[in-house]
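In mature numbering (1 follows the signal peptide of the UniProt record, and there is no 0), the protein residues as written are -19 to -1, 1 to 870. Don't be surprised by glycine CBs; every beta carbon is placed ideally from N, CA and C. Below: the structure, in structure tokens.
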């Protein structure tokens, strides 16, 4: 059983786990490391090399310890720190596990420097071996002859290990020479069988040059290294993602391979690993190459990517579960051929202290489309249903079925009442004209549902009083955890629509934060590192035309999907939609021209750092011209999203104005992580009227019961009681045919004899059957036995009536079965004793036949003839009882 199969089973059996992958509450901490290497041996993951990241997000000291990751039986992540007895430094490290699972190898380990004949200082790097049994590092290439064949220390290079793990190839990167990093183009081969052999493959074939930084390299089973992503420093651009570089280690040749499918965004310093099927390469994380020069520039890559090397196609890999942050400089390792574990790395000022675990990988012979890949966190809140927003609604088929059944029942009942009960017509007209069609007041029911994610708003920023020709004017967006979101900000074309402001500081330039209708801000109170955070910080870059007293930034918030700017600036496409009615759009555009917008609009002055909060509410408004809404059951709504915001004003501080720095900053966050729903409801509906009438009726019945006691319940319904004509005749005839089988007077209606006639308070002894006489009309000479028979018939009719209308005979039937079962057991027991007595008699008789006489004289005179009678008469205890009874008589 694979590790995570066991974890999933345990997770289903247990409702609580001790920790989950993504916990920032410091219950589990993976050391913050950049440029580290990782390798998996059994159920352990070893992380070594690289640099420790400080609190500011910068790699500071060398990492000389080894971190191991493992999983307990209940799925809890366990982190252990190992301090080797001998330490080595390996900056920008790569590593693998060697055959035998007892040794780790690190590539780019530091070796002693040396000077060339041209007085150039070389900082060589080579292999370092870690013995797990001895807990110690060793440098197998320490001889001077081997050191001079080693490459210089590199940064941002890629490595690949052969399928047989007998060689490692180092490709690309920057090499350190004379305290400067210059682009490296040579490819080196490290022989793992004889580590003193280090081959410069570029020296053998000068065409095998590869100048690339921050790429990913993975070797296939045929010896071809697949190199994806990266950055070419010589031309200052990233490698296109519609191609990959293939390095054939068998021929020592490099060629380009075109890739079909949708290419992912360009990136550098991503992580990769070859899947268990041996043909699919998985990529994750990285940063935009433009982030080298400006930390605010570039777009953060997100999502899992896969490359099918059999068809050379980029695969769309949908995943389930919360996505971990796409850190750069991280590690990615295959564990037990069934899970991918992502660890370490950083993004901006944020660094990884947790891991990401991807399960359900396709195995050899399976396609990636046949599996549903899942990010597993060991947390029921995320692993069961993930991050949910909204709620499940009843299916359309169920609604239609219930509605049709209820409608048929109501129509049938109403038709009967309308036809046979004239007061119903008057009551219906009164309800129709006096209650339903009066304008009923509306009330708003406000519902708050706690959730893990809320929608992000659309935000428009308009600069007024700034130099619109400044090429650096713009808005920089970042989440609280350092992830960039500037890719969602786009400048607006002022020639299509320009808002009018009354200050007239100058030309207006606007930018729109447009993340899309399905973009959520994640509540990270549980600590899971998703690609967003609880806050968004906008930094405004602009050059004031005058001074800090002039020039402001107008901020307007809009609910996603209800942003009129998408219509005004022609931004609607397959993903960006607009649900506003044309009348609402015209109203908004008119207000823009007259500066009448007040709600969700505020002004930010220069040198201000402030905050704002927002609340998005789902409003359900009753359709005004739908008559069904007057019924009060399953009303129809028009749904829309609205937004409300609050802004905290702050004083200006001229000291905050620094050239090249933002002129102002604004932090936006949700007011609360709840789903807010406002639902309109009518105060008076038809069902409410029935409920009130039923309440009044119940009150009168309760009052009558309290004052005068409880009256016997009638089994008749409205149809039986108020029926007339043929329907009444049919009902009474069926009643007579069912109960009038013995011709006996009806109990409770007809008296037993003439002495109890007055007790019934009536003289018409039998209004339903004139042929039946009173008991007093019977012949006075009626025998005693006949009168007993009449009483029995009367009691039988009484029982039949009670059974039919008042009493449930279930208990009586159970009692009858028990009594019969008891009698049957006693009868069987009695018959058993009789058979036992007969068996004893038979044994005595046969014993007497076989017994020899004690005297020979007697034997001679006579002999017993057994043929006279073979059968023994059966003993009958009932005959004895009858004999005793006769004697007593």
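Just tell me which of 627, 591, 478 has its CA closest to the CA of residue 538. Nearest of 627, 591, 478 to residue 538, Cα basis: 627.
Please state the DSSP three-state secondary structure of residue 618. Here residue 618 sits in strand by DSSP.
Distance check for residue 411 and residue 700, CA to CA, integer angstroms please. Taking the Cα positions, residue 700 is about 24 Å away from residue 411.
For residue 606, count neighbouring Cβ atoms within 10 angstroms of its own Cβ and tell me buried if that reaches 16, exposed if not. With a 10 Å radius around the Cβ and a threshold of 16 neighbouring Cβ atoms, residue 606 comes out exposed.
Is residue 250 closer than 8 Å to residue 198 when the C-beta atoms are compared? Cβ atoms of residue 198 and residue 250: not closer than 8 Å.
The segment 171 to 179 / the segment 226 to 239 touching (three or more Cβ pairs under 8 Å): With a cut-off of 8 Å, the segment 226 to 239 and the segment 171 to 179 do not count as touching, because too few Cβ pairs lie within range.
Between the CA atoms of residue 312 and residue 340 - distance to the nearest angstrom: Annotation: residue 340 to residue 312 spans about 16 Å, alpha carbon to alpha carbon.
Kindly indicate which residue of 289, 667, 156 has the alpha-carbon position closest to the one of residue 168. Of the listed residues, the one whose Cα sits closest to residue 168 is 156.
Measure from the alpha carbon of residue 583 to the alpha carbon of each residue in 314, 670, 443, then state which is nearest. Check the Cα spacing between residue 583 and each of 314, 670, 443: the tightest is with 443.
Cα separation between residue 659 and residue 298? When rounded, the separation of the alpha-carbon atoms in residue 659 and residue 298 is 37 Å.
If you run the structure through DSSP and keep just helix, strand and coil, what is residue 651? Strand.
Note down the Cα distance separating residue 667 from residue 382, rounded to an integer number of angstroms. Put simply, the backbone Cα of residue 667 is about 21 Å away from that of residue 382.
Pull up the DSSP beta-bridge partners for residue 601, would you. Note: residue 601 sits in a beta bridge opposite 620, 660.
Measure the alpha-carbon distance for residue 848 versus residue 811 and round it to whole angstroms. Note that residue 848 scores 37 on pLDDT, short of 50, meaning its location in the model is unreliable and no value can be drawn from it.
Measure the alpha-carbon distance for residue 865 versus residue 776 and round it to whole angstroms. Residue placement at residue 865 cannot be trusted, given a pLDDT of 42 that sits under 50; the coordinates are not used to answer.
Residue 123 and residue 110 - do their beta-carbons sit closer together than 8 Å? Not closer than 8 Å, so no.
Local conformation of residue 392 per DSSP, three classes: Under the three-state reduction of DSSP, residue 392 is assigned to helix.
Would you kindly work out how many angstroms separate the C-alpha atoms of residue 89 and residue 75, rounded to a whole number? Rounded to the nearest angstrom, the two C-alpha atoms are 7 Å apart.
Which whole-angstrom value is the C-beta distance of residue 226 and residue 248, which I expect to be below 8 Å? So it is not a contact: roughly 15 Å between Cβ atoms.
Buried or exposed by the 16-neighbour rule on C-beta atoms within 10 Å, applied to residue 505: Looking at its Cβ environment, which holds 16 or more other Cβ atoms inside 10 Å, residue 505 is buried.
Does the segment 612 to 619 come within contact of the segment 556 to 571, defined as at least 3 CB pairs closer than 8 Å? Contact annotation: the segment 612 to 619 does not touch the segment 556 to 571, with fewer than three C-beta pairs closer than 8 Å.
Taking the Cβ atom as the reference point for each residue, do residue 315 and residue 18 lie within a distance shorter than 8 Å? Taking the C-beta atoms as reference points, residue 18 is found no nearer than 8 Å to residue 315.
Helix, strand or coil, according to DSSP, for residue 840 in the structure here? Residue confidence for residue 840 is low, a pLDDT of 38 falling below 50, so the modelled location carries little weight and cannot support an answer.
Does the structure place the segment 196 to 212 close enough to the segment 179 to 186 that three or more beta carbon pairs sit under 8 Å? Put simply, the segment 179 to 186 does not touch the segment 196 to 212. Fewer than three CB pairs are less than 8 Å apart.
Quick check on residue 92: buried or exposed, where buried means 16 or more other Cβ atoms within 10 Å of its Cβ? With 16 or more Cβ atoms within 10 Å of its Cβ, residue 92 is classed as buried.
Decide if the segment 582 to 597 is in contact with the segment 647 to 661; the criterion is three or more beta carbon pairs, one per stretch, under 8 Å apart. Touching, yes.
Check whether residue 300 and residue 354 have beta carbons under 8 Å apart: Closer than 8 Å, so yes.
Going by other Cβ atoms of all chains shown within 10 Å of its Cβ, with 16 needed for buried, is residue 689 buried or exposed? Classification for residue 689: exposed.
Please go through the same chain and pick out, in chain order, the residues whose beta-carbon is closer than 8 Å to the beta-carbon of residue 550, but skip the five residues on each side of it. Excluding five sequence positions before and after residue 550, the CB atoms of its chain that fall closer than 8 Å to its own CB belong to 473, 474, 477, 478, 493, given in chain order.
If contact is defined by three or more beta carbon pairs under 8 Å, each pair taking one atom from either stretch, is the segment 663 to 679 in contact with the segment 446 to 461? No, they do not touch.
Using a Cβ-Cβ cut-off of 6 Å (strictly less than) and excluding sequence neighbours within five positions of residue 871, which residues of its own chain qualify? Examination of residue 871 is not possible in this model, given that the chain is present from -19 through 870 alone.
CA-to-CA distance, residue 11 to residue 176, given in whole angstroms: Between the alpha carbons of residue 176 and residue 11 lies a distance of about 32 Å.
On a Cα-Cα basis, can you pick out the residue from 470, 482, 674 that is closest to residue 408? Nearest option by C-alpha distance: 674.
For residue 552, report the span of its alpha helix (DSSP H) as first-last. Unbroken run through residue 552: none, as it is neither H nor E.
C-beta atoms of residue 254 and residue 321 nearer than 8 Å: In contact: residue 254 and residue 321 (Cβ atoms closer than 8 Å).
Please name the residue in 671, 306, 532, 604 whose C-alpha comes closest to that of residue 333. The residue with the shortest Cα to Cα distance from residue 333 is 306.
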